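Written below as structure tokens is the structure these notes are about.
Residue numbers (the working numbering): 167 to 597.
Spelled out as structure tokens, the structure:
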């Protein structure tokens with residue numbers, strides 16, 4: 167019996183719901199801290215260089231945490247590293263609460279970022295390797311955490327903008343919320359078991375015990391572990407080395423060109439929308455992010471339909487390119503609002519499918535480090551993309567930005583066409 171058959175026999179139940187909720191909250195928390203840092207840049211009291219270093223410190227910590235913890239997760243285990251990342255984020259949050267107005271604050275942001283880097287790279291892997299193969303579409307639904315996280319942040323920021331009357335800066339409330347949430351996740355993740363696929367791949371004697379424990383949590387009292395432990399055949403990766411390398415290069419390019427417009431839209435949306443007050447701006451941005459939620463749900467069905475992962479991405483990024491170009495045309499305010507919401511809908515379809523497909527493509531033995539690389543590319547894009555596009559906007563106005571982002575979406579669609587899933591045995595690769 168292979169590991170996929172064992173997980174199918176156990177089925178989807180309370181334990182998989184526990185894993186899903188942990189991974190979903192990890193994505194939501196990472197989004198909350200990133201958006202909170204963007205708010206800090208406007209409200210933080212300090213020199214220009216101190217304000218400039220706020221997102222740099224968070225992103226630098228996330229990048230280091232992403233790469234280092236992706237390596238650790240392949241050596242030590244998924245759940246163990248996932249628990250460690252929550253502890254690190256909690257400690258970083260406490261550091262921020264103690265040192266809110268000094269250079270030590272920047273160190274705290276780097277510590278928080280290090281923990282979040284682990285959350286971003288491990289969440290998808292742990293969920294994929296803990297659920298039955300027949301429920302693989304739930305991995306795509308995990309991407310709703312990004313949209314819900316940003317929507318939640320915008321809602322809280324709007325409440326603070328309208329009703330906060332105390333002397334304490336409003337952004338400190340968000341710091342406390344983020345720290346408390348990380349502390350809660352530290353406790354919540356303590357209930358997680360190690361990934362069955364990880365144990366199976368390493369021939370770990372704990373596998374039968376973990377499978378039996380999952381069955382007990384799911385109230386499947388009839389399950390009896392019958393799996394034969396074995397270490398994954400290394401020739402599987404070796405025989406497909408060239409195809410894997412080609413796909414990784416193409417995925418790297420697709421990640422870069424798909425994420426560049428995404429981050430730029432978040433940063434420059436106030437410049438794209440018609441002039442309005444803060445209340446209207448927050449409301450529109452909330453609805454835009456909310457539009458991404460049905461996009462994630464749509465992607466989860468399209469991936470398993472005739473379109474497959476490849477053409478779902480092509481469709482999502484191609485229509486995004488068309489809508490991005492449409493925003494460069496002279497449109498009235500209501501049409502701009504509708505087009506921008508449609509843009510986030512199709513952009514989310516493309517990105518959700520991309521994040522899911524990249525998880526499924528790699529074998530268990532290298533899944534952690536491979537997806538750590540791709541997650542790192544996304545973080546690097548989030549750093550340099552808005553900075554470069556921002557310079558272009560300052561020199562030439564917003565119109566050239568529309569053309570550049572349109573081309574970026576188009577290139578993401580082109581690179582997605584060239585990627586082929588050459589996985590010979592799905593049982594050895596995914597759950």
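Glycine included, every Cβ here is placed at the ideal spot set by N, Cα and C.
Since the model is a prediction, treat every value here as computed from it, not as a measurement.
Item, Value
"Measuring CB to CB, does residue 540 end up less than 8 Å from residue 421?", "yes"
"Could you spell out the range, first to last residue, of the alpha helix (DSSP H) harbouring residue 528?", "Per DSSP, residue 528 belongs to no alpha helix (DSSP H) and is neither H nor E."
"Just to check my reading of the structure: residue 364 and residue 295 have Cβ atoms closer than 8 Å, yes? What is that Cβ distance to the nearest angstrom?", "6 Å"
"Is it true that the stretch 283-299 meets the stretch 190-203, where meeting means three or more beta-carbon pairs spaced less than 8 Å apart?", "yes"
"Can you confirm whether the stretch 462-482 touches the stretch 516-533 when touching is taken to mean that 3 or more C-beta pairs between the two stretches lie within less than 8 Å?", "yes"
"Ignoring anything shorter than 4 residues or poking outside the stretch 326-388, list the alpha helix (DSSP H) runs there in chain order.", "336-354, 362-367 and 373-383"
"Between the stretch 251-260 and the stretch 342-350, can you find at least three pairs of beta-carbon atoms closer than 8 Å?", "yes"
"Rounded to whole angstroms, what is the Cα-Cα separation between residue 454 and residue 560?", "25 Å"
"Tell me whether the stretch 482-494 and the stretch 534-548 touch, counting them as touching only if at least three CB pairs, one residue from each stretch, are closer than 8 Å.", "no"
"If I'm right that residue 186 touches residue 304 with Cβ under 8 Å, what's the distance once you round it to whole angstroms?", "6 Å"
"Out of 243, 323, 317 and 290, state which residue places its alpha-carbon closest to the alpha-carbon of residue 309.", "290"
"Determine the burial state of residue 554: buried for a count of at least 16 other Cβ atoms within 10 Å of its Cβ, exposed for fewer.", "exposed"
"Are the stretch 224-238 and the stretch 525-535 touching, with three or more C-beta to C-beta distances below 8 Å?", "yes"
"Leaving out five residues on either side along the sequence, give the residues of the same chain with a beta carbon under 8 Å from the beta carbon of residue 397.", "With a pLDDT of 49 at residue 397, under the threshold of 50, the predicted position of this residue should be treated as unreliable, though the coordinate-derived value follows. Within the same chain, residue 397 has close Cβ partners 367, 368 and 369."
"Counting C-beta neighbours from all protein chains within 10 Å, is the total for residue 293 16 or more, i.e. buried, or is it exposed?", "buried"
"Leaving out five residues before and five after residue 489 in sequence, what residues of the same chain have Cβ atoms less than 6 Å from its Cβ?", "505, 508 and 509"
"By how many angstroms is the C-alpha of residue 373 removed from the C-alpha of residue 169?", "10 Å"
"Give the range of the alpha helix (DSSP H) segment to which residue 630 is assigned.", "Not covered by the structure: residue 630. The range shown for the chain is 167 to 597."
"Is it the case that the Cβ atoms of residue 440 and residue 571 are separated by a distance below 8 Å?", "no"
"Residue 437: beta carbon under 7 Å from a heavy atom of the ligand NAP?", "With respect to the ligand NAP, the structure offers nothing, as it holds no ligand at all."
"Return the chain-ordered list of same chain residues with a C-beta closer than 6 Å to the C-beta of residue 425, the five sequence neighbours on each side being excluded.", "544 and 547"
"Counting C-beta neighbours from all protein chains within 10 Å, is the total for residue 300 16 or more, i.e. buried, or is it exposed?", "exposed"
"Measure the C-alpha to C-alpha separation of residue 340 and residue 584 and round it to an integer number of angstroms.", "43 Å"
"Which residue marks the beginning of the alpha helix (DSSP H) containing residue 253, and which one marks its end?", "244-264"
"In whole angstroms, what separates the C-alpha of residue 433 from that of residue 418?", "22 Å"
"So, residue 265 versus residue 279, is the Cβ gap smaller than 8 Å?", "no"
"Between which two residues does the alpha helix (DSSP H) containing residue 213 stretch?", "It is not in any alpha helix (DSSP H) - residue 213 carries neither H nor E in the DSSP assignment."
"Relative to the alpha-carbon of residue 479, which residue among 306, 314, 415 and 248 has its alpha-carbon at the smallest distance?", "306"
"Report the three-state DSSP secondary structure of residue 280 (helix, strand or coil).", "helix"
"Mapping DSSP to helix, strand and coil, what is residue 471?", "coil"
"What did DSSP end up calling residue 494 once you bin it into helix, strand or coil?", "coil"
"Do the CB positions of residue 198 and residue 220 come within less than 8 Å of each other?", "no"
"Is DSSP giving residue 297 helix, strand or coil here?", "coil"
"Could you give the distance in angstroms between the alpha-carbon of residue 568 and the alpha-carbon of residue 241?", "44 Å"
"Quick test of your reading: residue 581 and residue 416, contact by CB under 8 Å. State the CB separation rounded to the nearest angstrom.", "5 Å"
"Does DSSP classify residue 397 as helix, strand or coil?", "No answer about residue 397 holds up, because its pLDDT of 49 lies below 50 and its placement is not dependable."
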